[in-house]
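Using the numbering used here, the letters of the sequence shown map in sequence onto residues 74 to 201.
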Amino acid sequence: KGSGQPSDVMIRLPFYLTVIEFALGCASNSTTTTTTSSTASEVVFARFRSVLPWNASETSAYEDAYESAITPKLNELGHVLNVESGNLHGNFALSYTIGNTNCDRVKAAMESIRNDADFIESHSVICG
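Following this line, the structure appears as structure tokens:
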């Protein structure tokens with residue numbers, strides 16, 4: 074097990090980023106285009122908690138890797154209004170605000186992304 078020193082993190086970072094991009098690239102896209110209905114105007118809050126430990130100095134690299142893979146999938150469901158990263162119980166996390174969407178579709182997509190990605194520890198969706 075690594076000592077957790079910055080040099081250890083830097084050595085592991087390219088590996089983690091490659092695994093993240095590969096896994097999300099292979100994830101099945103289960104979303105379909107549907108006719109807009111009255112429920113497609115919801116604002117939904119979604120959050121992914123990574124298996125990667127929180128490291129403030131690596132936040133930008135983690136954000137780039139996760140956002141490049143996840144954000145396009147969520148944009149297919151509506152409009153990503155905001156993305157924030159942070160420390161969630163000691164792990165890196167991304168929180169999304171998605172507008173003009175349907176909560177059930179976001180829940181299904183989040184579950185699909187989570188099931189296809191072993192580097193995401195958990196996810197949550199709040200319908201608003």
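Backbone N, C-alpha and C fix where the C-beta goes; we use that ideal spot for every residue, glycine too. Just so we're clear, the structure is a prediction, and the values are computed from it rather than from any experiment.
Local conformation of residue i per DSSP, three classes
| i | result |
| --- | --- |
| residue 190 | coil |
| residue 149 | coil |
Closest residue to residue i among the options (Cα-Cα distance)
| i | options | result |
| --- | --- | --- |
| residue 64 | 114, 143, 142, 159 | Coverage of the chain is limited to positions 74 through 201, which leaves residue 64 absent and any answer about it impossible. |
| residue 124 | 198, 200, 168, 194 | 194 |
| residue 189 | 146, 118, 153 | 146 |
| residue 191 | 122, 118, 114 | 122 |
Residues bridged to residue i [DSSP beta-bridge criterion]
| i | result |
| --- | --- |
| residue 73 | Nothing about residue 73 can be reported from this structure: the residues present for the chain run from 74 to 201 only. |
| residue 119 | 169, 198 |
| residue 179 | DSSP lists no partner for residue 179. |
| residue 156 | 169 |
Alpha-carbon spacing of residue i relative to residue j, whole angstroms
| i | j | result |
| --- | --- | --- |
| residue 132 | residue 142 | 16 Å |
| residue 138 | residue 180 | 22 Å |
| residue 173 | residue 148 | 10 Å |
| residue 198 | residue 169 | 9 Å |
| residue 116 | residue 171 | 6 Å |
| residue 135 | residue 120 | 15 Å |
| residue 156 | residue 165 | 13 Å |
Cβ-heavy atom distance, residue i to the ligand MN, below 7 Å
| i | result |
| --- | --- |
| residue 167 | The model depicted lacks the ligand MN and carries no ligand whatsoever. |
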